[in-house]
Amino acid sequence: MIRQDPLDRIMRFMLTLSGILPEASCVLFWRMYMVVSITFGQYGIYLYIIKRINTVTLWDLMECLSFALAHSKVIFKCLMFWFNQQKFLKILAMMKEDWNDCAHDDVSLKETTRKVKTYDRIARVILILHTLSIIGFSSGVFFANDDITNNVTEVHFNTKIDFPFEINTQRTYKLILVIESLVLFTFSWSTGTVNCMLLILIMHIAGQINIVRRWLTEIAFSENTGKDKSISITMTKIIQKHKKIIRFSKKIQSLYMHIALVQFLLNTIMICAIAFLVVTAVGSPDAVKQIVKCFFFYVTTNLEAYIFCFAGEYLKNKSREIGIAAYSTAWYNMKSKDSRVLLFIILRSQKELTLTAGNMMELSLQSFTSIMNISGSYLSVLLAMR
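Residue numbers (the numbering used here): 193 to 578.
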């Protein structure tokens, strides 16, 4: 028996934490929390640079830049979901409707159950990686255990940040460190949740496409056994399901296209900046500390770009399979009224389902290669400037 809710408890909690789930009772609180905390975080980063404008190093600039862009990316993703909450609810309703439909069909039930298990595992892995990135970034400061009452020249936090007030007691310092870490966890989980949601939606489409393919094989079997009525019923189901898949894909494209565009631009710069931090840390006295600090942050930033590009590539390849499955049936031996319907399905399947970045660039593995190449070029320039 498949569960009734498309989202498991972990995903619902993460969506609530990001202020994305409109039906949550505390959604307004979490939205205010995200806006205020990100605004204050950005202010602290810029204040840090302004106060040290004459002494700041390229390393410090790259670290500040990477976190400023990460914060901007988080709030932009959340804003897109907040402004399109009705569209998001419609997508969830369509998923739930598909799940209810599969209860009356063994093929659909088996395929949907398999996909649910797959994307639940993927979501957990992604959220674990985002958690590890913050643990790695914060561990150095916690283990350093700075004593600010001992006339230290600079107070260290998890990020390069400054505050518009004095921190002169150890208790205040520890409290701010804990609060900063919790805020960073929230930011990281929020961006990971949006990425997980994209994979969940794409995997759902893939499951629906697999169901259509199985139905197409049933047509061939019904034709061989002479069940004309069964062919007509199955053909109707296939057309309705195919149209629903196309509508569902367009809604995902509408929800994610601006997010994908901003992420493509910001991740290109972030991958370059974090790679610079890792490369320049090699050979330094605190190399291990700096590499551990940046490693998981670099991995999750690359993973974000890869998830979007993989989702676009996977959707495009899966959409072709309907046409291939339809062509593989013995449509040329069918009655003319049935074969005409199959021919229309084949023709429609030639127009692939795609995800784009702002309707300007198709998301694919080739796009991910472009991101890495551009980031590598920028990294070479930065290393030459060092």
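Quick reminder that beta carbons are idealized off the backbone N, C-alpha and C, glycines included.
Suppose you measure from the CA of residue 259 to the CA of residue 283; what does that come to, to the nearest Å?
32 Å
Which class does residue 378 belong to by DSSP, given the choice of helix, strand or coil?
helix
Given this structure, state the Cα-to-Cα distance separating residue 465 from residue 298, to the nearest angstrom.
50 Å
CB residue 474 to CB residue 487, shorter than 9 Å?
no
Bridge partners - residue 554, DSSP secondary structure assignment
548
Buried or exposed for residue 541, going by 16 or more other Cβ atoms inside 10 Å?
buried
With H, G and I counted as helix, E and B as strand and the rest as coil, what does DSSP make of residue 215?
coil
Within the region 262-304, ranges of the alpha helix (DSSP H) (whole runs, at least 4 residues):
277-294
Distance, Cα to Cα, residue 357 vs residue 365?
12 Å
To the nearest angstrom, how far is the alpha carbon of residue 348 from that of residue 314?
35 Å
Residues near residue 330 in its chain [Cβ-Cβ closer than 6 Å; skip 5 each side]:
350, 373
Around the C-beta of residue 441, are 16 or more other C-beta atoms found within 10 angstroms, so that it is buried, or is it exposed?
buried
My guess is that residue 380 and residue 424 are in contact by the Cβ rule of under 8 Å, so how many angstroms apart are they, rounded?
So it is not a contact: roughly 52 Å between Cβ atoms.
Exposed unless 16 or more other CB atoms sit within 10 angstroms - verdict on residue 452:
buried
What distance in whole Å lies between the Cβ atoms of residue 482 and residue 548, which are believed to be in contact at a cut-off of 8 Å?
That pair is no contact at about 37 Å.
Range of the contiguous alpha helix (DSSP H) that encloses residue 474:
Note, residue 474: premise wrong, no alpha helix (DSSP H); not H, not E.
For the pair the region 274-292 and the region 206-219, tell me if three or more CB-CB distances fall below 8 Å.
yes
Report the option in 310, 485, 317, 495 whose CA atom is closest to the CA atom of residue 463.
495
Select from 461, 426, 332 the residue whose C-alpha is nearest the C-alpha of residue 572.
461
Taking only three categories from DSSP, how would you classify residue 348?
coil
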